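**Student:** Mind looking over this structure? Questions follow.
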Amino acid sequence: MDAPIALLDVNVLIALLDPQHVHHEPAHRWFQANASYGWATCPLTQNALLRILSNPRYPNSPGGPASVMPLLQGMLSHPGHLFWPDLLSWSTDGELQAELLLHHGQITDTYLLALAVHQGGCLMSFDARLSTCAVPGGGDALCLIDSQV
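Residue 3 is where the sequence shown starts when you use our numbering, and the numbers rise one by one after that.
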């Protein structure tokens, strides 16, 4: 059976692009071993990457959005990349169960997990604290990168 396509959360994307990121090496080890199986981004992760890396307060910012965009475009041109459009809504989809969220800080990651489940993939993250209970099938779709450095 083929490995599921991995939706990379923004922290994984940033770690891949920022050589000073604490998880840069683990992210690259995972990417080198798994990117050929397919990996995905979505509007939410792409926008977050642009927003965070172009913020002058980010310690290793390469510059404004015009400086970050070519880095993102380079990633997206990788042959294993897939684009997953935002297809879910908290207000209408049974794939997202807001009543099971523990706090507001889980909204974005829970949405990404639900999108991964919807697409038959997994959410690739460093965050072992992510609660999966608000997404049916979420426990099987959260994949963690070993971040031991």
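A virtual CB, placed ideally from N, CA and C, is assigned to each residue, including glycine. Keep in mind that this is a model prediction, so the values were computed, not measured.
1. Helix, strand or coil for residue 127, going by three-state DSSP, please let me know.
2. Could you name each continuous alpha helix (DSSP H) segment of 4 residues or more that falls completely within the stretch 58 to 98, going from the start of the chain to the end?
3. Under 7 Å between the Cβ atoms of residue 125 and residue 134?
4. Which residue's Cα is closest to the Cα of residue 69: 61, 139, 78, 56?
5. Confirm the yes/no value for this check: CB of residue 146, any heavy atom of the ligand NAD, distance under 6 Å.
6. Fully enclosed by the stretch 17 to 55, which beta strand (DSSP E) runs are 3 residues long or longer?
**Tutor:** On the basis of the data shown:
1. As a first step, residue 127 is located in the sequence shown; it is residue number 125 there, counting from the start. Residue state, collapsed to three classes: strand.
2. 67 to 78
3. In the sequence shown, the residue the question calls residue 125 occupies position 123. In the sequence shown, the residue the question calls residue 134 occupies position 132. No, the pair does not count as a contact, with Cβ atoms beyond the cut-off.
4. Position 67 of the sequence shown holds residue 69. The residue with the shortest Cα to Cα distance from residue 69 is 56.
5. Inclusion of the ligand NAD in the displayed structure is not the case, the ligand content being empty and no account of it being possible.
6. 41 to 43
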